[in-house]
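To keep things clear, I will list the structure first and then write my remarks on it.
Shown next, in the form of structure tokens:
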């Protein structure tokens with residue numbers, strides 16, 4: 001299991017919170033407030049993955065976004081290569097970011113800033129909620145984001 005330090009987000013700041021956790025893993029210190037400001041995070045709307053990558057690149061890191069990712073993709077990065085992966089999923093009634101820290105044959109393990117500690121979720125359940133969309137409802141199919149992962153690495 002990756003040693004990602006748990007962190008409890010302020011309301012609406014899951015994006016800056018996961019960035020804080022991942023950057024901390026790489027030894028880069030930044031506060032949630034600083035990252036919220038740098039990313040122009042709106043607590044009502046959150047932040048998109050593209051802006052997250054822009055900010056980490058400004059901080060000397062690199063990364064990429066992949067949609068339609070699989071558990072095999074996550075296992076390769078997290079378990080084999082020891083790289084934390086941010087996932088964009090639907091928690092309760094809104095899109096949410098968490099950091100994948102481990103997987104086994106039945107579960108995915110997330111450092112979840114919404115609850116401030118590790119969350120274990122059955123793979124089958126996570127597969128059903130591994131999506132997101134902008135706004136309050138899906139009005140066009142092309143706005144649906146499916147199985148998105150955000151990978152941040154050293155340059």
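Numbering (full-length UniProt numbering), first residue to last: 1 to 155.
Each residue gets a CB set at the ideal place from its N, CA and C atoms; glycine is no exception.
Bear in mind the structure is a predicted one, so any value in this text is a computation, not a measurement.
Quick one: measure Cβ to Cβ for residue 132 and residue 88, integer angstroms, because I've assumed they're closer than 8 Å.
About 5 Å separates the two Cβ atoms, so the contact holds.
Coil, strand or helix - residue 90 by DSSP
Strand at residue 90.
Please state whether the Cβ-Cβ distance between residue 55 and residue 31 is less than 8 Å.
It is not a contact, given that the beta carbons lie outside the stated cut-off.
Start-to-end residues for the beta strand (DSSP E) that takes in residue 120:
First-last of the beta strand (DSSP E) with residue 120: 117–122.
Alpha carbon to alpha carbon, what distance is there between residue 110 and residue 8?
As the crow flies, the alpha-carbon of residue 8 is around 13 Å from that of residue 110.
Anticipated Cβ contact below 8 Å, residue 113 with residue 14, distance rounded:
The beta-carbon separation of residue 113 and residue 14, rounded to 5 Å, stays under the 8 Å limit for a contact.
Below 8 Å on the Cβ atoms is my contact criterion, and I expect residue 2 with residue 84 to pass it. Report the Cβ-Cβ distance as a whole number of Å.
Yes, they are in contact, since the Cβ atoms of residue 2 and residue 84 sit about 5 Å apart, within 8 Å.
Do the region 133–152 and the region 113–123 touch if we need at least three Cβ pairs shorter than 8 Å?
No, the region 133–152 is not in contact with the region 113–123.
Taking its Cβ as the centre, do 16 or more other Cβ atoms sit within 10 Å of residue 11, making it buried, or is it exposed?
Residue 11 is exposed by the Cβ-count criterion.
Can you give me the C-alpha to C-alpha distance between residue 60 and residue 153, rounded to a whole angstrom?
Rounded to the nearest whole angstrom, the C-alpha separation of residue 60 and residue 153 is 10 Å.
How would you label residue 147, buried or exposed, when you count the other beta carbons within 10 angstroms and need 16 or more for buried?
The residue is buried, with at least 16 neighbouring Cβ atoms inside 10 Å.
In the DSSP assignment, find the alpha helix (DSSP H) that holds residue 57 and state where it starts and stops.
Residue 57 -> alpha helix (DSSP H) spans 49–58.
Put residue 12 into one of helix, strand or coil per three-state DSSP.
Correct three-state label for residue 12: coil.
Which listed residue (34, 90, 48 and 5) has its alpha carbon closest to that of residue 27:
Of the candidates 34, 90, 48 and 5, the one whose C-alpha sits nearest the C-alpha of residue 27 is 5.
Scan the region 64–89 and note each continuous alpha helix (DSSP H) run of 4 residues or more that stays entirely inside, going in chain order.
Taking only runs of at least 4 residues, the alpha helix (DSSP H) segments lying wholly in the region 64–89 are 71–74.
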